[in-house]
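In our numbering, the protein residues as written are 3 to 117.
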Amino acid sequence: MAMKIWELHGLRLDGAIRSTPEGEADVSGLVFSEKAYLLAVRDFRPAELVACIEERGAIAVAHELVAYYEAVEAAASHGGRSLVFARGSGPEPTLRRSDEVSAPAFSASISAPGR
Numbered sequence: 003m004a005m006k007i008w009e010l011h012g013l014r015l016d017g018a019i020r021s022t023p024e025g026e027a028d029v030s031g032l033v034f035s036e037k038a039y040l041l042a043v044r045d046f047r048p049a050e051l052v053a054c055i056e057e058r059g060a061i062a063v064a065h066e067l068v069a070y071y072e073a074v075e076a077a078a079s080h081g082g083r084s085l086v087f088a089r090g091s092g093p094e095p096t097l098r099r100s101d102e103v104s105a106p107a108f109s110a111s112i113s114a115p116g117r
C-alpha cells in the first residue's frame with residue numbers, strides 16, 4: 003500500500019502529521035482533505051504548519067488559512083481555489099478545498115467548543 007505524501011512528511015516530523023481512519027491528513031489536530039493538504043503545502047512547509055498549529059491551536063490556524071486563501075491574490079494564484087471549513091467525521095476542525103464541497107455544506111466560521 004502506497005504512503006500518502008503527508009505520511010512521508012510525518013516521518014520527518016516525529017508523527018505530527020498522520021492519516022486519519024478516513025484517509026485524510028491530521029496535522030497536529032487540524033484535519034485536511036487530501037486536496038486541501040496539497041493546496042496548503044504549496045504555500046507552507048509541513049513543519050511550518052505543525053509549528054503554527056502547536057503554537058496557536060488548530061482552530062486559530064484554520065481561521066488564518068481560510069482567510070489567507072480567500073484573499074484575492076491567493077485565489078488568483080491557485081486557480082480560484084480556496085480552503086473552507088467542512089464537516090468532518092470527528093470533533094477536530096476540518097478543512098477541504100472549496101471545489102470539494104457544495105455551498106450549503108460548509109460554514110464560513112467555526113468556533114471553539116464551549117463558545
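Idealized CB from N, CA, C, for every residue including glycine.
Model, not experiment: these values are computed from the prediction.
- In this structure G12 is buried. Its beta-carbon is surrounded by 16 or more other beta-carbon atoms within 10 angstroms.
- In the same chain as L15, and ignoring 5 residues on each side of it, the C-beta atoms closer than 8 Å to its own belong to P48, A49 and V52, in chain order.
- Sixteen is the threshold: since fewer than 16 other Cβ atoms of the shown chains lie within 10 Å of the Cβ of S79, the residue is exposed.
- Take E9, set aside five residues on each side of it, and the residues of its chain with a beta-carbon closer than 8 Å to its own are I19, R20 and S21, in chain order.
- Check the Cα spacing between A60 and each of L41, V33 and Y39: the tightest is with V33.
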